[in-house]
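Okay, structure first, notes after.
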Amino acid sequence: MKIAVAKETLADEKRVAASPETVRKMIALGAAVVVESGAGTGASVTDDAFKAAGAEIVSGDDVYAGADVVLRVRAPSADQVSKMKEGAVLVGMLSPYQDTALLDVYAEKGVDAYTMEFVPRITRAQTMDVLSSQANLAGYRAVLEAAQVFGCGFPLMMTAAGTVPPAKVFIMGAGVAGLQAIATAKRLGAQVSATDVRPAAKEQVESLGATFVMVESEETKADETAGGYAKEMSDDYKQKQAALVAETIKKQDIVITTALIPGKTAPVLVTEDMVKTMKPGAVIVDLAVEQGGNCAVAKPGEVADVGGVKIVGLPNLPSRIAVSASALYARNLLAFLTPLIDAETKALKIDSEDEIVKATCLTKGGKIVHPQFTGA
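Read in order, the letters of the sequence shown correspond to residues 0 to 375 in numbering that gives the first Met the number 0.
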């Protein structure tokens with residue numbers, strides 16, 4: 000069995016889908032591993048490091064030739080899919096909601112595609128959860144991006160020349176990214192508050208030393224989808240929450256928004272009018288900018304300025320901490336791949352009825368099979 004690790008081609012993508020550690024473990028499972036030359040450069044992993052782990056280094060599109068399994072961070076292009084063999088297994092964060100047309104490309108080529116974002120949040124899949132591993136780092140990085148733009152320090156400083164007050168940081172969304180943002184801001188000495196539509200998040204927020212801000216209602220009692228994600232709330236609830244948030248935002252130095260709804264445009268949490276109530280020098284970091292943005296005036300790839308308020312719209316924050324993000328992502332892929340390899344034959348043996356396989360499989364046998372995209 001041949002496993003290929005392809006180089007990412009998107010301009011802002013520095014991560015790689017394997018590490019020397021996971022290459023060694025894939026070889027121990029009985030696989031031959033090929034790595035595209037330069038695949039690990041953005042994550043500070045050299046070709047020599049992959050070679051020392053036992054991988055063969057190949058050039059360009061040769062990585063796809065004869066590969067039984069292709070590992071990627073992001074979705075390949077249609078041209079790259081065309082170079083895969085029929086029956087190849089493609090695994091990565093394939094963004095099927097954003098790249099729906101690629102599903103037809105996978106099916107037409109006969110590639111069996113598995114998207115890691117759809118790994119169910121069940122106990123045995125925790126080590127495969129790429130959304131958690133990458134969001135954790137994104138939350139951390141968001142605070143660092145805010146600190147770089149913010150013109151003041153984070154902690155309370157008492158000096159002979161006077162006192163510098165602590166920064167006031169407001170985190171919108173207390174999922175994995177939000178909780179890590181809270182923890183990071185607290186470690187830097189900020190005064191932190193946070194909001195979430197889920198009452199269950201209150202205990203987690205307060206355990207990190209932050210203040211919880213939320214409109215409580217009957218609606219919030221049924222606050223999560225079966226997959227463990229926050230669900231979209233009613234318009235009435237959104238209006239009440241927006242009013243509370245508007246009052247809270249006026250007092251903040253830094254706001255970090257993290258709200259995402261799978262398969263949908265990110266909800267707008269911070270309107271332009273709210274931004275205009277903030278004081279000059281304040282900073283907003285929008286982690287949802289790639290899916291439309293939680294801040295109405297965020298611009299993908301830019302640091303916008305509205306009345307002196309800086310809105311950081313940098314996409315793909317995990318890629319800005321690529322060494323750690325790649326190491327964790329590679330382990331997620333290894334955990335996903337290991338049960339699919341037969342211990343005796345060293346070949347792929349995929350149980351189509353397995354809960355994790357069913358949840359992640361987009362195309363199989365030349366057909367689109369995931370119910371989200373078949374209308375089933």
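Glycine included, every Cβ here is placed at the ideal spot set by N, Cα and C.
The structure presented is a predicted model; accordingly, all values stated were derived computationally and were not measured.
Buried versus exposed call for residue i [16 or more other C-beta atoms within 10 Å across all chains shown]
i           : result
residue 25  : buried
residue 325 : buried
residue 111 : buried
residue 147 : exposed
residue 263 : exposed
residue 290 : buried
residue 160 : exposed
residue 123 : exposed
residue 165 : buried
residue 157 : exposed
residue 8   : exposed
residue 78  : exposed
residue 125 : exposed
residue 309 : buried
residue 348 : exposed
residue 233 : exposed
residue 10  : exposed
residue 207 : buried
residue 339 : buried
residue 194 : buried
residue 58  : exposed
Sub-7 Å separation of residue i and residue j beta-carbons
i           : j           : result
residue 36  : residue 56  : yes
residue 214 : residue 250 : no
residue 66  : residue 3   : yes
residue 265 : residue 292 : yes
residue 272 : residue 312 : no
residue 177 : residue 270 : no
residue 169 : residue 282 : no
residue 71  : residue 12  : no
residue 106 : residue 367 : yes
residue 15  : residue 42  : yes
residue 329 : residue 119 : no
residue 173 : residue 134 : no
residue 212 : residue 192 : yes
residue 167 : residue 203 : no
Residue i to residue j span [Cα, whole Å]
i           : j           : result
residue 85  : residue 108 : 6 Å
residue 102 : residue 116 : 15 Å
residue 75  : residue 5   : 9 Å
residue 345 : residue 337 : 10 Å
residue 40  : residue 0   : 26 Å
residue 246 : residue 276 : 9 Å
residue 225 : residue 91  : For residue 225, the predicted structure reports a pLDDT of 49, less than 50, and the residue's modelled location is therefore unreliable. A value from the coordinates is still provided. So the alpha carbons of these two residues sit roughly 23 Å apart.
residue 237 : residue 295 : 15 Å
residue 334 : residue 46  : 23 Å
residue 187 : residue 154 : 6 Å
residue 300 : residue 341 : 44 Å
residue 64  : residue 363 : 20 Å
residue 51  : residue 318 : 25 Å
residue 280 : residue 243 : 22 Å
residue 278 : residue 261 : 33 Å
residue 235 : residue 255 : 23 Å
residue 184 : residue 152 : 11 Å
residue 205 : residue 241 : 21 Å
residue 89  : residue 30  : 15 Å
residue 350 : residue 62  : 26 Å
residue 304 : residue 274 : 10 Å
residue 38  : residue 28  : 22 Å
residue 179 : residue 248 : 20 Å
residue 209 : residue 163 : 20 Å
residue 314 : residue 171 : 17 Å
Inter-residue CB distance, residue i and residue j (contact presumed, cutoff 8 Å)
i           : j           : result
residue 259 : residue 287 : 5 Å
residue 320 : residue 140 : 5 Å
residue 96  : residue 360 : The Cβ separation is near 16 Å, so there is no contact.
residue 354 : residue 121 : 7 Å
residue 18  : residue 44  : 6 Å
8 Å Cβ shell around residue i - same chain, five flanking residues per side excluded
i           : result
residue 53  : 22, 23, 26 and 32
residue 316 : 136, 137, 140, 141, 144 and 286
residue 323 : 136
residue 373 : 367
Cutoff 7 Å: residue i Cβ touching any chain B Cβ
i           : result
residue 136 : Chain labels in this structure do not include chain B; a single protein chain is all it has.
Sequence-distant residues of its chain with Cβ nearer than 6 Å to residue i (five each side left out)
i           : result
residue 60  : 82
residue 331 : 127, 129 and 132
residue 369 : 361
residue 267 : 295
Closer than 6 Å: residue i CB and nearest the ligand SAH heavy atom
i          : result
residue 82 : The model depicted lacks the ligand SAH and carries no ligand whatsoever.
Own chain, CB closer than 7 Å to residue i, minus 5 neighbours either side, in chain order
i          : result
residue 98 : 74
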